[in-house]
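Read left to right, the sequence shown gives residues 2 to 341 (the working numbering).
Even for Gly, the Cβ is constructed at its ideal location relative to N, Cα and C.
Below: the structure, in structure tokens.
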Amino acid sequence: MIMTTFLKALWLVALFNGHPVTLFPVESGEFAMRQGWYECQTVWYVPFAASNQLVARQFNDFTQQSANRPANGVEWTPALDCALENDMVNNVYIINCAQTVIFDKQPDDSDYTGLWQVHYLEWIDDADARPLCSASEVLLAIAMGELEEQGDPSVMDATIIVPTSGIPSVELASLDYKRKLVRFYAFPVFYFNKVDKIKAIEFIIAPDISDEDLAERLGANWAPRLANGSPDCCGCISAIENPVPPGQLPIICEIPEDICLMSKNNNFFNFGGVNPNLDYNPVLCWNIYERTGLAPYSVVNSDDMLQHLVGLGLLTNIPLDPPIVTNSPVIIRYRNANGG
Numbered sequence: 002m003i004m005t006t007f008l009k010a011l012w013l014v015a016l017f018n019g020h021p022v023t024l025f026p027v028e029s030g031e032f033a034m035r036q037g038w039y040e041c042q043t044v045w046y047v048p049f050a051a052s053n054q055l056v057a058r059q060f061n062d063f064t065q066q067s068a069n070r071p072a073n074g075v076e077w078t079p080a081l082d083c084a085l086e087n088d089m090v091n092n093v094y095i096i097n098c099a100q101t102v103i104f105d106k107q108p109d110d111s112d113y114t115g116l117w118q119v120h121y122l123e124w125i126d127d128a129d130a131r132p133l134c135s136a137s138e139v140l141l142a143i144a145m146g147e148l149e150e151q152g153d154p155s156v157m158d159a160t161i162i163v164p165t166s167g168i169p170s171v172e173l174a175s176l177d178y179k180r181k182l183v184r185f186y187a188f189p190v191f192y193f194n195k196v197d198k199i200k201a202i203e204f205i206i207a208p209d210i211s212d213e214d215l216a217e218r219l220g221a222n223w224a225p226r227l228a229n230g231s232p233d234c235c236g237c238i239s240a241i242e243n244p245v246p247p248g249q250l251p252i253i254c255e256i257p258e259d260i261c262l263m264s265k266n267n268n269f270f271n272f273g274g275v276n277p278n279l280d281y282n283p284v285l286c287w288n289i290y291e292r293t294g295l296a297p298y299s300v301v302n303s304d305d306m307l308q309h310l311v312g313l314g315l316l317t318n319i320p321l322d323p324p325i326v327t328n329s330p331v332i333i334r335y336r337n338a339n340g341g
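Here's what the structure looks like:
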């Protein structure tokens, strides 16, 4: 097992375009790595969400059939489709129900994003079926009339964590090649459920970040094209600039609202494909606020409260130019299957 030491602290201060924000890193639960291909070399990735429910379900079925171990699910997340219109995607070719997954970019490429337009492909004639391992081979097979694309364009959120170099490109809490399991560094955030009127602490990761300096600080893949997303193509997350009280966390607006399952290690995971919250989007546009009258010891723990304080002039939004966008799936949910 490979262990890293970066982020092993009670808190850290990250600069969002020069504005300090305090984050509180913790280890995530275990996630199953999956093998993919880039230019006929192995890469390892973790998928988090898909805008097409069939793709999400097939990835989840494949995981449960192939691994008797804790594993994350792939959330059905229709809101991801807007990435197609905002030039935020690379291409991934999925052949034969996710048994072969081929990427056309990896984190070493300057236009890598961690978001992928899904090309779901089937062999027209089984006699032509053969192993493929690069995007160029796939495109040639399509041009020769051997592969046919199925379904409408869709988007998958999947972070490549080990590119072809074999060196992790994301700072990890642990990496177990033998068991093909990984733990990320996660960050607690406040969330307020407006329907149930419940305030909770959820957890996000940030493996892909549009800002180069922030990506380096948090040990993430640099993904500058994430910043192409318009505000209506992102989920929202807000943070209050330092100084902040020890209990102040970032505030997230939406989370996936599905039933969660608990692993044998008492870690909760989203076994996706059933998320009914159509507003949830793991791609987050960050909003930074400064205290302009709010007492330094006051904790803001919901977006409704934050917007009320902005209206009173006690908090002021700090424009970020360029915007900072992170790929930040909600990954740990402290609920049982009965919603308790």
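Quiz item: Taking all protein chains shown into account, do 16 or more other C-beta atoms lie within 10 angstroms of the C-beta of ILE168, making it buried, or fewer, making it exposed?
Solution: Reading the sequence shown from its first residue, position 167 is the one you call residue 168. ILE168 is exposed by the Cβ-count criterion.
Practice problem: With distances taken Cα to Cα, identify the nearest neighbour of THR160 among GLU40, SER111, PRO21 and SER170. | Solution: Numbered from 1 along the sequence shown, position 159 holds the residue referred to as residue 160. If we check each option's Cα against that of THR160, SER170 comes out closest.
Quiz prompt | Between the CA atoms of TRP38 and ALA228 - distance to the nearest angstrom | solution = Here residue 228 is taken as the residue at index 227 of the sequence shown, counted from 1. Here residue 38 is taken as the residue at index 37 of the sequence shown, counted from 1. Taking the straight line from one Cα to the other gives about 26 Å.
Self-check item: Residue burial classification, ASN282 (beta-carbon count within 10 angstroms, cutoff 16)
Solution: Taking the first residue of the sequence shown as 1, we reach residue 282 at position 281. Buried: at least 16 other Cβ atoms inside 10 Å.
Quiz item: Taking only runs of the alpha helix (DSSP H) that begin and end inside the stretch 75-163, which ones reach a length of at least 4 residues, in chain order?
Solution: 136-144
Quiz item: Do you know whose CA, among TRP12, PHE32, ASN18 and LEU13, lies nearest PRO320's CA?
Solution: By one-based count along the sequence shown, residue 320 stands at place 319. Closest by alpha carbon: ASN18.
Quiz item: Taking the C-alpha atoms as reference points, what is the distance between ARG180 and ARG35?
Solution: For the purposes of this step, residue 180 is identified with residue 179 of the sequence shown, where counting begins at 1. For the purposes of this step, residue 35 is identified with residue 34 of the sequence shown, where counting begins at 1. When rounded, the distance between both Cα atoms is 11 Å.
Practice problem: Could you tell me if the beta carbon of GLU217 falls within a distance shorter than 7 Å of some heavy atom in the ligand FAD? | Solution: Ligands in the displayed structure: none, and consequently the ligand FAD is not present.
Quiz item: Three or more C-beta pairs closer than 8 Å, one from the stretch 50-59 and one from the stretch 209-220: is that the case here?
Solution: no
Self-check item: Which listed residue (ILE325, LEU140 and SER231) has its alpha carbon closest to that of TRP223
Solution: As a working mapping, residue 223 is identified with position 222 in the sequence shown. That would be ILE325, whose Cα lies nearest to the Cα of TRP223.
Quiz item: Looking at the structure shown, is GLU40 part of a helix, part of a strand, or coil, going by DSSP?
Solution: As a first step, residue 40 must be located in the sequence shown, where it is residue number 39. If DSSP states are grouped into helix, strand and coil, GLU40 belongs with coil.
Quiz item: If you draw a straight line from the alpha carbon of PRO244 to that of ILE256, how long is it in whole angstroms?
Solution: Within the sequence shown, residue 244 is the residue found at index 243, counting from 1. Within the sequence shown, residue 256 is the residue found at index 255, counting from 1. If you take the alpha carbons of PRO244 and ILE256, they lie about 27 Å apart.
Practice problem: Inspect the beta-carbon positions of VAL183 and PHE32 and report whether they are closer than 8 Å. | Solution: Residue numbering aside, residue 183 sits at position 182 when the sequence shown is read from its first letter. Residue numbering aside, residue 32 sits at position 31 when the sequence shown is read from its first letter. Taking 8 Å as the Cβ cut-off, VAL183 and PHE32 qualify as a contacting pair.
Quiz item: Near TYR298, which residues of its chain fall below 7 Å by C-beta distance, leaving aside the five closest residues on each side in sequence?
Solution: Your numbering for residue 298 matches position 297 in the sequence shown. If we look at TYR298 and ignore the five residues flanking it on each side, its Cβ neighbours are PRO246.
Self-check item: DSSP three-state assignment for THR6, whether helix, strand or coil
Solution: Position 5 of the sequence shown, counting from 1, holds the residue named residue 6. Here THR6 scores only 48 on pLDDT, less than 50, and its place in the model is too uncertain to base an answer on.
Quiz item: Got a sec? Which residues, its chain only, sit under 7 Å from SER155 by beta carbon, not counting five neighbours each side?
Solution: Taking the sequence shown and counting its residues from 1, the one referred to as residue 155 is at position 154. Excluding positions up to five away in sequence, the list reads ALA51, SER52, ASN53, VAL56, ASP82 and VAL119.
Quiz item: For GLU203, which option in GLY230, ASN302 and CYS235 has the closest C-alpha, if you only look at C-alpha atoms?
Solution: Taking the first residue of the sequence shown as position 1, residue 203 is located at position 202. Cα-wise, what sits closest to GLU203 is ASN302.
Quiz prompt | Buried versus exposed, by CB contacts within 10 Å (16 or more), ALA296 | solution = Numbered from 1 along the sequence shown, position 295 holds the residue referred to as residue 296. With fewer than 16 Cβ atoms within 10 Å of its Cβ, ALA296 is classed as exposed.
Exercise. May I have the straight-line CA-CA distance separating THR293 from LEU316, to the nearest angstrom?
Key: Along the sequence shown, read from residue 1 onward, the residue named residue 293 stands at position 292. Along the sequence shown, read from residue 1 onward, the residue named residue 316 stands at position 315. Taking the straight line from one Cα to the other gives about 5 Å.
Quiz item: Which class does GLY30 belong to by DSSP, given the choice of helix, strand or coil?
Solution: Working through the sequence shown from its first residue, we reach residue 30 at position 29. Note: GLY30 maps to strand in three-state DSSP.
Quiz item: When the Cα of VAL128 is compared with those of GLU147, ASN194 and TYR113, which residue comes out closest?
Solution: The residue given as residue 128 occupies position 127 in the sequence shown. A small correction: the amino acid at residue 128 is Ala; Val does not occupy that position in the sequence shown. When each option's Cα is compared against that of ALA128, the closest is GLU147.
Self-check item: Residues near VAL14 in its chain [Cβ-Cβ closer than 6 Å; skip 5 each side]
Solution: Numbered from its first residue, the sequence shown carries residue 14 at position 13. Excluding sequence neighbours, VAL14 sits near PRO21 and THR23.
Quiz item: Among VAL75, VAL44, PHE49 and THR43, which one has its Cα closest to the Cα of ARG58?
Solution: Locating residue 58 in the sequence shown gives position 57, counting from the first residue. Checked all of VAL75, VAL44, PHE49 and THR43; the closest Cα to ARG58 is VAL75.
Quiz item: Going by Cα to Cα distance, which pick from TRP124, CYS134 and PRO164 is closest to MET145?
Solution: One-based indexing of the sequence shown puts residue 145 at position 144. For MET145, the nearest C-alpha among the options comes from TRP124.
Quiz item: Any idea if ASP105 is buried or exposed, counting beta-carbon neighbours within 10 angstroms, 16 or more meaning buried?
Solution: The residue given as residue 105 occupies position 104 in the sequence shown. ASP105 comes out buried.
Exercise. Would you identify the three-state DSSP class for LEU11, choosing helix, strand or coil?
Key: Taking the sequence shown and counting its residues from 1, the one referred to as residue 11 is at position 10. It is coil, neither helix nor strand.
Quiz prompt | Inter-residue Cα distance where the pair is ALA174 and ILE206 | solution = Mapped onto the sequence shown, residue 174 falls at position 173. Mapped onto the sequence shown, residue 206 falls at position 205. Approximately 12 Å, taken between the alpha carbons.
Quiz item: What did DSSP end up calling ASN53 once you bin it into helix, strand or coil?
Solution: As a working mapping, residue 53 is identified with position 52 in the sequence shown. DSSP places ASN53 in coil when its eight states are reduced to three.
Quiz item: Going along the chain, which residues of its own chain have a beta-carbon closer than 6 Å to the beta-carbon of ASP304, five neighbours each way excluded?
Solution: Here residue 304 corresponds to residue number 303 of the sequence shown, with the count starting at 1. The residues are ILE252 and CYS254.
Practice problem: Answer yes or no: do LEU122 and GLU149 have a C-beta to C-beta separation smaller than 8 Å? | Solution: For the purposes of this step, residue 122 is taken as residue 121 along the sequence shown, with counting starting at 1. For the purposes of this step, residue 149 is taken as residue 148 along the sequence shown, with counting starting at 1. Cβ atoms of LEU122 and GLU149: closer than 8 Å.
Quiz item: Pick from SER137, ASN288 and PRO164: whose alpha carbon is nearest that of GLN308?
Solution: Within the sequence shown, residue 308 is the residue found at index 307, counting from 1. Taking only the C-alpha atoms, the option nearest GLN308 is ASN288.
Exercise. Starting from the Cα of ILE258, find the closest Cα among ASP322, VAL331 and VAL284 and give me that residue.
Key: The sequence position of residue 258 within the sequence shown is 257, counting from 1. First, the amino acid is wrong: residue 258 is Glu here, not Ile. Among ASP322, VAL331 and VAL284, the Cα nearest to that of GLU258 is on VAL331.
Self-check item: CA-to-CA distance, TYR46 to GLN66, given in whole angstroms
Solution: As a position in the sequence shown, residue 66 is number 65, starting the count at 1. As a position in the sequence shown, residue 46 is number 45, starting the count at 1. Note on GLN66: pLDDT 45, under 50, position unreliable in the model; the coordinate value appears next. Near 18 Å, if we compare the C-alpha coordinates of TYR46 and GLN66.
Quiz item: Going by beta carbon distance, what residues of the same chain come within less than 6 Å of TRP12, once the five residues before and after it are set aside?
Solution: Residue numbering aside, residue 12 sits at position 11 when the sequence shown is read from its first letter. Within the same chain, TRP12 has close Cβ partners THR23 and PHE25.
Self-check item: Identity of the residue in ASP322, ARG226 and ILE241 nearest ASN87 by Cα
Solution: Counting from 1 along the sequence shown, the entry for residue 87 is found at position 86. Checked all of ASP322, ARG226 and ILE241; the closest Cα to ASN87 is ARG226.
Practice problem: State the beta-bridge partners of ASN194 as determined by DSSP. | Solution: As a working mapping, residue 194 is identified with position 193 in the sequence shown. BP columns for ASN194 point to ILE199.
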